[in-house]
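Residue numbers for the sequence shown follow the working numbering, beginning at 172 and rising by one.
Heads up, the thing below is written out as structure tokens.
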Amino acid sequence: MKKGIVGIDVGGTNIKAAFVRGREIIRRINIPSHAQAGMDRSLQQIKLAIAPFKKKAACIGVGIAGIIDSGNGIVKFSPNLKGWNNVCLASMLRREFKLPVRVLNDVNAICLGEWKYGVARGYDNVFLFTLGTGVGGAAICEGRLLFGANGFAGEFGHTTITLKGPMCICGHRGHLERYAGAKYIVARAKRKMKKQRSRLADYDVLTPEIIARAAKQGDTVANEVFSEVGYYIGIGIANILALFDPDIVVISGGIARAGRVLFDPVRKTTRQMVLGAQHRHYKIVPAKLGDDAGILGAALFAQLTKKQALI
């Protein structure tokens with residue numbers, strides 16, 4: 172077997188790792204991250220995920236949620252991993268495996284994967300955001316992954332949508348995550364169910380996926396929820412279009428699979444809100460690669476030099 176790249180997506184529940192050549196995933200494994208057991212335990216899990224591929228690997232790329240100093244391979248902070256503060260992950264893994272290692276934010280990895288191999292292939296200006304427990308973002312600008320001065324560019328979930336809006340988990344008001352994060356979508360549905368009848372009452376546990384399914388089946392409450400969520404996301408995207416003027420905006424994450432019940436209000440609001448809509452050429456589309464995007468993007472990033480811009 173010829174040399175390939177190890178791509179890793181470190182999550183709060185699982186670590187997904189794969190041996191990759193180009194866009195082809197040759198072999199993959201999935202193991203628990205043991206995120207709440209402390210840094211030493213979760214670091215050991217990352218090493219276990221890499222170990223099966225080390226003999227045939229040319230380098231290692233790791234995508235991990237949080238504030239990442241990609242230039243130096245340092246995890247400044249990760250909300251999913253207990254005790255991960257200023258962890259020099261790249262140097263630790265280099266010592267262990269004697270291979271080049273690069274580390275980046277998990278949403279940046281997803282963005283790279285979709286840009287090179289997925290729905291954003293062929294575009295030089297891309298904005299991608301993830302809808303899940305939180306809301307993350309990443310951008311490709313003129314063929315370059317955008318890091319910003321401190322490496323923290325793309326925090327789309329913490330852009331302000333309404334100045335006096337509800338309190339976000341970060342301690343500030345009116346952030347997009349407070350309207351489009353998974354638990355807030357569920358909470359919105361539950362508030363509406365107190366005033367209106369809904370088939371959602373048949374479920375002991377609600378999820379955004381269940382709400383989306385009910386919306387497709389014509390449930391009034393579920394449709395209202397996604398109409399409102401789509402409205403707020405549309406405001407956010409209009410802001411992104413005004414700032415970055417991307418060719419394509421990609422929505423990733425489980426909620427993005429809701430289909431038209433989400434995308435119709437998103438596109439309508441964006442069109443109404445953005446300056447010069449009639450003169451702009453852009454697309455708002457769901458991601459294509461699913462869970463593979465982060466693995467492929469991390470593997471791709473591992474092959475780049477620190478100053479490399481185009482792929």
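Don't be surprised by glycine CBs; every beta carbon is placed ideally from N, CA and C.
On a predicted model such as this, the values are computed, not experimentally measured, just so you know.
Through-space distance from residue j to residue i, alpha-carbon basis
{"i": "residue 185", "j": "residue 450", "result": "44 Å"}
{"i": "residue 181", "j": "residue 431", "result": "30 Å"}
{"i": "residue 305", "j": "residue 296", "result": "24 Å"}
{"i": "residue 414", "j": "residue 319", "result": "14 Å"}
{"i": "residue 234", "j": "residue 246", "result": "10 Å"}
{"i": "residue 389", "j": "residue 188", "result": "39 Å"}
{"i": "residue 241", "j": "residue 228", "result": "20 Å"}
{"i": "residue 427", "j": "residue 331", "result": "21 Å"}
{"i": "residue 402", "j": "residue 288", "result": "29 Å"}
{"i": "residue 211", "j": "residue 257", "result": "13 Å"}
{"i": "residue 222", "j": "residue 266", "result": "13 Å"}
{"i": "residue 128", "j": "residue 461", "result": "Because the chain here runs from 172 to 482, residue 128 falls outside it and cannot be looked at."}
{"i": "residue 309", "j": "residue 368", "result": "39 Å"}
{"i": "residue 292", "j": "residue 327", "result": "22 Å"}
{"i": "residue 270", "j": "residue 215", "result": "17 Å"}
{"i": "residue 429", "j": "residue 357", "result": "14 Å"}
{"i": "residue 379", "j": "residue 418", "result": "28 Å"}
Spatial neighbours of residue i in its chain, beta-carbon cut-off 6 Å, leaving aside the 5 residues before and after
{"i": "residue 470", "result": "176, 178, 191 and 232"}
{"i": "residue 286", "result": "297 and 311"}
{"i": "residue 359", "result": "396"}
{"i": "residue 225", "result": "268"}
{"i": "residue 404", "result": "351 and 437"}
{"i": "residue 448", "result": "442"}
{"i": "residue 183", "result": "206 and 251"}
{"i": "residue 115", "result": "Nothing about residue 115 can be reported from this structure: the residues present for the chain run from 172 to 482 only."}
{"i": "residue 416", "result": "none"}
Exposure of residue i, with buried meaning 16 or more beta-carbon neighbours within 10 Å
{"i": "residue 446", "result": "exposed"}
{"i": "residue 374", "result": "exposed"}
{"i": "residue 376", "result": "exposed"}
{"i": "residue 230", "result": "buried"}
{"i": "residue 341", "result": "exposed"}
{"i": "residue 248", "result": "exposed"}
{"i": "residue 244", "result": "buried"}
{"i": "residue 334", "result": "exposed"}
Rounded Cβ spacing between residue i and residue j (contact assumed at less than 8 Å)
{"i": "residue 424", "j": "residue 302", "result": "4 Å"}
{"i": "residue 421", "j": "residue 456", "result": "6 Å"}
{"i": "residue 323", "j": "residue 238", "result": "6 Å"}
Close-in-space but distant-in-sequence residues of the same chain around residue i (CB under 7 Å, 5 per side omitted)
{"i": "residue 481", "result": "Residue placement at residue 481 cannot be trusted, given a pLDDT of 40 that sits under 50; what the coordinates show is reported in the next sentence. Contacts found: 314."}
{"i": "residue 283", "result": "316, 468, 471 and 472"}
{"i": "residue 220", "result": "179, 186, 188, 200 and 202"}
{"i": "residue 398", "result": "436"}
{"i": "residue 392", "result": "360, 363, 364, 367, 369 and 371"}
{"i": "residue 254", "result": "209 and 210"}
Cutoff 8 Å; reference residue i; Cβ partners in own chain excluding five residues on either side
{"i": "residue 336", "result": "344, 345, 346, 349 and 350"}
{"i": "residue 394", "result": "386 and 432"}
{"i": "residue 174", "result": "227, 228 and 229"}
{"i": "residue 381", "result": "371 and 374"}
Sufficient close CB pairs (3 or more, under 8 Å) joining the segment 392-409 to the segment 435-447: yes
Hey, is the segment 274-293 in contact with the segment 383-392, meaning 3+ C-beta pairs nearer than 8 Å? no
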